[in-house]
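Numbering (this note's numbering) for the sequence shown: 64 to 371.
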Amino acid sequence: MALLLIRNNKDYQPWIDALHKADPSIEVVTPETIKDPADATMAITWKAPKGSYAKYPNLKVIGSMGAGVDHLFEDESLPKDVILTRVVDDKLASDMQEFVAALCLNHIRNLKTYARLQKENTWKPTDYKRAKDVTVGILGFGTLGQAVGTMLKAIGFNVIGWSSSAKSVDGINSYTEDELDTFLSKSEILVCLLPLTENTKGILNKDLFNKLPQGAYLINVARGGHLVDDDLIEALNSEHLSGAALDVFHNEPLPKEHPFWQQENIIITPHIASMSNAASVSGQVAENYQRMQNGEKLLNQVQAIKGY
């Protein structure tokens, strides 16, 4: 039996080294080094090339190298009866906390404006907002959303969360599915941390933007598929939204001809809000491999019917 690594960029060595350190007994292979595809019983992947899984007839478990699992469901070769897992890591949560907090503070203190004025050799103090006077709405109030909300609350922001079921977090009001409009009407900064499912594709659209307060700010650190690009540009050009920070896109890298590059009020980052580190997550991957061999319940299983 072997543990198979499949990545879109074939950057395997850090994962091989980390897994060997976590459990030297595990045979770690890649599509280039495996001798018999039938030997692979577990695969750990990130955006594997389409059709990859059809080559390995004995896969029992397929795990995402990150917290997101939408890339698994996009592949029609995904076996129907395989167990799916994802990574849950405190470092991923803290990375996301820091990144979103930085964007929220950047927005209320006008730092992007000053970066532009510096290029123009212009000294122009502008009014700013204080965290205590701004409400941040977390769209997708799961594990990561609650972690981000807790940090923003500690900084001083008013924080609210929206999810399919109510959550209990001290000092944060939790809204559920039938309360989306109320949640949106209060969200002066909207942070998208939703999983990407059939129900959430394109949720960041014209109708949703119109339900946000005038001058609201959008932060998308979930998936590019949540956003209708043209609707965002329209909302920015009409000044209903004051700006946006985007870390994820439909196509990555973002094509050079994409109109987002020309929008002064959009901050573009290359999907770096929170990145899985092989050294920090290899322990749970190795444990799941042993659990699979022993017929035990796996850590961080994904509910395929929900898509996350």
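Ideal placement from N, C-alpha and C gives every residue a C-beta, glycine not left out.
From D233 to S226, what does the alpha carbon distance come to, in whole angstroms? Locating residue 233 in the sequence shown gives position 170, counting from the first residue. Locating residue 226 in the sequence shown gives position 163, counting from the first residue. For D233 and S226, the distance between alpha carbons rounds to 16 Å.
Boundaries of the beta strand (DSSP E) in which M105 is found, first to last residue: The residue labelled residue 105 in the question sits at position 42 within the sequence shown. Membership of M105 in the beta strand (DSSP E) is indicated by the continuous run 103-109.
Out of A341, F312, L141, G346, which one is the CA nearest neighbour of D293? For the purposes of this step, residue 293 is taken as residue 230 along the sequence shown, with counting starting at 1. Checked all of A341, F312, L141, G346; the closest Cα to D293 is F312.
Mind checking which residues open and close the alpha helix (DSSP H) that includes S248? Residue numbering aside, residue 248 sits at position 185 when the sequence shown is read from its first letter. S248 -> alpha helix (DSSP H) spans 243-249.
Note down, in chain order, each residue of its chain lying with its Cβ closer than 8 Å to the Cβ of E240, except the 5 sequence neighbours on either side. Here residue 240 corresponds to residue number 177 of the sequence shown, with the count starting at 1. Setting aside the 5 residues that flank it on each side, E240 is surrounded in the same chain by S227, each with a C-beta closer than 8 Å to its C-beta; the list follows chain order.
Indicate the three-state DSSP secondary structure (helix, strand or coil) for W186 in the structure shown. Indexing the sequence shown from 1 puts residue 186 at position 123. The answer is coil: DSSP assigns W186 none of H, G, I, E or B.
Apply the 10 Å Cβ neighbour rule to Y371 and answer buried if 16 or more other Cβ atoms are within range, or exposed otherwise. Here residue 371 is taken as the residue at index 308 of the sequence shown, counted from 1. Around the C-beta of Y371, 16 or more other C-beta atoms lie within 10 Å, and the residue is accordingly described as buried.
For L304, the three-state DSSP class (helix, strand or coil): Sequence index remark: in the sequence shown, residue 304 carries index 241 (1-based). In the structure shown, the three-state DSSP call for L304 is strand.
Are the beta-carbon atoms belonging to I37 and L309 less than 8 Å from one another? Only positions 64 to 371 of the chain appear in this structure, which leaves residue 37 out of reach.
Best match in T260, G288, D80, R149 for proximity to V365 [C-alpha to C-alpha]: Along the sequence shown, read from residue 1 onward, the residue named residue 365 stands at position 302. Of the listed residues, the one whose Cα sits closest to V365 is R149.
Am I right that F220 and V197 are in contact with their C-beta atoms under 8 Å? What's the rounded C-beta distance? Counting from 1 along the sequence shown, the entry for residue 220 is found at position 157. Counting from 1 along the sequence shown, the entry for residue 197 is found at position 134. By a beta-carbon distance limit of 8 Å, F220 contacts V197. Their separation comes to about 6 Å.
Taking three-plus beta-carbon pairs below 8 Å as touching, is the segment 351-360 in contact with the segment 334-341? No: the two stretches stay apart, fewer than three of their Cβ pairs being nearer than 8 Å.
To the nearest angstrom, report how far apart T104 and I252 are at their CA atoms. Counting from 1 along the sequence shown, the entry for residue 104 is found at position 41. Counting from 1 along the sequence shown, the entry for residue 252 is found at position 189. Straight-line Cα distance between these residues: approximately 44 Å.
Give a yes or no on whether the C-beta atoms belonging to M128 and L207 are separated by under 8 Å. Position 65 of the sequence shown holds residue 128. Position 144 of the sequence shown holds residue 207. Their beta carbons are not under 8 Å apart, which means M128 does not touch L207 by this criterion.
Name the residue from A210, A217, R354, Y238 whose alpha carbon lies nearest to the alpha carbon of I223. In the sequence shown, the residue the question calls residue 223 occupies position 160. Across the set A210, A217, R354, Y238, the C-alpha of Y238 shows the shortest separation from the C-alpha of I223.
Where the alpha helix (DSSP H) through S237 begins and ends: By one-based count along the sequence shown, residue 237 stands at place 174. No alpha helix (DSSP H) holds S237; the beta strand (DSSP E) holding it covers 236-238.
Residue of L271, P112, G212 minimising C-alpha distance to I19: Here the chain has residues from 64 to 371 only, and residue 19 is not among them.
Pick from G131, V132, D133, D99: whose alpha carbon is nearest that of N121? Reading the sequence shown from its first residue, position 58 is the one you call residue 121. Closest option to N121, Cα to Cα, is D99.
Could you tell me which uninterrupted alpha helix (DSSP H) segments, each at least 4 residues in length, are contained entirely in the segment 80-147, listed from first to last along the chain? The segment 80-147 contains these whole alpha helix (DSSP H) runs: 133-136.
Burial state of D152 (16 or more Cβ within 10 Å): The count along the sequence shown starts at 1 and reaches residue 152 at position 89. Taking a 10 Å sphere around the C-beta of D152, we find 16 or more other C-beta atoms and assign the residue as buried.
Looking at the secondary structure, which residues open and close the beta strand (DSSP E) in which L281 lies? Translated into positions along the sequence shown, residue 281 becomes position 218. Its beta strand (DSSP E) spans residues 279-283.
With burial defined as no fewer than 16 other Cβ atoms inside 10 Å of the residue's Cβ, what is the status of I368: buried or exposed? Translated into positions along the sequence shown, residue 368 becomes position 305. With fewer than 16 other Cβ atoms inside 10 Å of its own Cβ, I368 counts as exposed.
Going by the beta-carbon positions, is the gap between G131 and N351 smaller than 8 Å? Taking the first residue of the sequence shown as 1, we reach residue 131 at position 68. Taking the first residue of the sequence shown as 1, we reach residue 351 at position 288. Contact flag unset, no.
With distances taken Cα to Cα, identify the nearest neighbour of S88 among P94, E95, D80. Position 25 of the sequence shown, counted from the start, is the residue given in the question as residue 88. Closest option to S88, judged by alpha-carbon separation, among P94, E95, D80: D80.
Whose C-beta lies closer than 7 Å to the C-beta of L290 among residues of the same chain, with five residues either side of it excluded? As a working mapping, residue 290 is identified with position 227 in the sequence shown. Once the five neighbours on either side are set aside, the close Cβ partners of L290 are L267, N283.
Among the residues of its own chain, which have a CB less than 7 Å from the CB of N236, if the five just before and after it don't count? The residue given as residue 236 occupies position 173 in the sequence shown. Same-chain partners within the cutoff: I223.
The alpha helix (DSSP H) that contains N173, what's its start and end? For this step, residue 173 is matched to residue 110 along the sequence shown. Where N173 is concerned, there is no enclosing alpha helix (DSSP H), given that its DSSP letter is neither H nor E.
Relative to the C-alpha of L147, which residue among W109, H83, P322 is closest? Taking the sequence shown and counting its residues from 1, the one referred to as residue 147 is at position 84. Comparing Cα-Cα distances from L147 to each of W109, H83, P322, the minimum goes to W109.
Please state the DSSP three-state secondary structure of G287. As a first step, residue 287 must be located in the sequence shown, where it is residue number 224. Helix at G287.
Please report the Cβ distance between K175 and N169, rounded to the nearest whole angstrom; I am assuming they are in contact, meaning their Cβ atoms lie under 8 Å. Here the question's residue 175 lines up with position 112 in the sequence shown. Here the question's residue 169 lines up with position 106 in the sequence shown. Contact between K175 and N169 is confirmed by a C-beta separation of about 6 Å, below the 8 Å threshold.
Thinking just about the alpha-carbon of each residue, which of Q76, D102, H134, Y75 is nearest to the one in E261? Within the sequence shown, the letter at position 198 stands for residue 261. With distances taken between Cα atoms, E261 lies closest to H134.
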